[in-house]
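Protein chains: 2
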Amino acid sequence: MDATDSPIDAALGRAGYRATGARRAVVDLITRRDGHFTAADLVDDAQSRGLRIGRATIFRTLDVLTELRAVERLDLPTGDHAYVACEPAHHHHVICSRCGRSSDADDAGLRAVVRDIERQTGYRIDEHRLELFGLCPDCLARGST
Amino acid sequence: MDATDSPIDAALGRAGYRATGARRAVVDLITRRDGHFTAADLVDDAQSRGLRIGRATIFRTLDVLTELRAVERLDLPTGDHAYVACEPAHHHHVICSRCGRSSDADDAGLRAVVRDIERQTGYRIDEHRLELFGLCPDCLARGST
DNA sequence: CCTGTATTGATACTGAGTATCATCAAGGGG
DNA sequence: CCCCTTGATGATACTCAGTATCAATACAGG
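Chains A and B, in that order, are what the protein sequence lines are.
One gets our numbering by counting positions in the first sequence from 1 and adding 44 to each.
One gets our numbering by counting positions in the second sequence from 1 and adding 44 to each.
Below, the structure written as structure tokens:
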């Protein structure tokens, strides 16, 4: 098995980006993470693993991965920008406000809501973002205080 | 008519805040605005009108108004934090990506979507945010290039 | 009108994200 | 398999949003 054959490398190539060591390293850091994380988290991870990756590169790589839809940016209620790894298809995130983990949900029925709002307001809606916050099953089981 | 009797003053009092000159001035700046605006926009507005309001006070007042739900914070796709004036009831914003104006829409049917996602994922959802981006009727009429 | 206290604004600070630029390495062509 | 072009990297410096601090001020209740 050759690292060169990862699906990320393919996606990078398809989009005209080079599959570099730094990018693979960032992807690796992300896959070792659970739940959402900030750019600063990755910078810390890299440092504590002794990886010599520049701060700027981490931000740049997150932008690229966002464009490839391998990652999505969240806007937490606190105002922080965080990211989650995800599948490259349209969907929404359900975020646990206790542990930070997140799951994907498909937008069953949301399309109808959007159409209804277009009728209500007269806007033509091109893009939407739905973010849901609550407690995941594990944290619920562990008591909701 | 006495400025002291504005609904904002009442809302401030109800929440235990004082109705100060600086806060009234910020509210005034906001009502003169159309569409969404950033904290920096208000800082500029204040300066260009010769108002002596500190930067910090503008940020603080926006926090207070957000808490009173006289204003809501948006997270634009660009990553910027913006605000819109709004009615103090739960609703969602439809934002024009050309001119920045926004309208309110009620969440007809969204409740059902949320319940469905709870069933799908096992999460208990406490809070949600739906933001819609597109073109407003005026910008549509003016051609969609 | 007086007073306790919330609020203000000037200043300095923090921290996220970006611009710059010399150096480096990916990978396609020979 | 090596070269060369060009995109990518990382160190640094910078910008700008948002926050902490704190002495001075102004609101509101008595």
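Built from N, CA and C at the ideal position, the CB exists for glycine as well.
Check	Outcome
Here's the rule: buried if 16 or more other CB atoms are within 10 angstroms of the residue's CB, otherwise exposed. What is ALA47/A?	For ALA47/A, the predicted model reports a pLDDT of 46, less than 50, meaning its position is unreliable and no value from the coordinates is stated.
With 8 Å as the threshold, decide whether the Cβ of GLU116/A is near any Cβ in chain B.	no
Considering only DSSP beta bridges, list what VAL87/B is partnered with.	Paired residue(s): none; VAL87/B is not in a bridge.
One question on the structure: do LEU73/A and ALA63/A come within less than 8 Å of each other, judged by their Cβ atoms?	no
According to DSSP, is ALA152/A part of a helix, a strand, or is it coil?	coil
Can you check whether the CB of HIS125/B is closer than 8 Å to the CB of THR82/B?	yes
Going along chain B in order, which residues have a C-beta closer than 9 Å to the C-beta of LEU106/A?	Within 9 Å Cβ-Cβ: nothing; LEU106/A doesn't reach chain B, min ~11 Å.
Rank ILE161/A, HIS137/A and LEU174/A by C-alpha distance to the C-alpha of GLY79/A and give the top, closest one.	HIS137/A
Answer yes or no: do ILE97/B and VAL70/B have a C-beta to C-beta separation smaller than 8 Å?	yes
Is it true that the CB of CYS183/A sits closer than 8 Å to the CB of CYS140/A?	yes
Excluding five sequence neighbours on each side, which residues of the same chain lie with their C-beta closer than 8 Å to the C-beta of HIS135/A?	ASP148, ALA149, ASP150 and ASP151
What first and last residue would you give for the beta strand (DSSP E) that runs through GLY178/A?	168-179
Taking Cβ positions, are GLU1/B and LEU118/B nearer each other than 8 Å?	Here chain B has residues from 45 to 189 only, and residue 1/B is not among them.
Between LEU154/A and chain B, is any beta-carbon pair separated by less than 8 Å?	yes
Could you please tell me which residues of the segment 126-143 of chain B, in chain order, have their CB closer than 9 Å to any CB of chain A?	HIS136, VAL138, ILE139, CYS140 and SER141
In the DSSP assignment, what are the bridge partners of HIS134/B?	None; HIS134/B has no bridge partner.
Return the CA-CA distance between GLY153/A and ILE169/A, expressed in angstroms with no decimal places.	16 Å
Is DSSP giving ARG145/A helix, strand or coil here?	coil
Answer yes or no: do LEU112/A and ALA59/A have a C-beta to C-beta separation smaller than 8 Å?	yes
Would you mind telling me which residues of chain B sit closer than 7 Å to ARG168/A, beta carbon to beta carbon, in chain order?	GLY178, LEU179 and LEU184
Just the C-alpha distance for VAL157/B and GLY178/B, rounded to the nearest angstrom, thanks.	21 Å
Residues bridged to TYR61/B by DSSP?	TYR61/B pairs with nothing; no bridge assigned.
Would you mind reading off the limits of the alpha helix (DSSP H) that contains LEU109/B?	99-112
Measuring CA to CA, which of THR75/B, ARG76/B and ASP53/B is closest to GLY65/B?	ASP53/B
Have a look at MET45/A and ARG67/A and give me their C-alpha separation to the nearest angstrom.	Because MET45/A sits at a pLDDT of 48, beneath the cut-off of 50, its placement in the model cannot be relied upon, and the point is left open.
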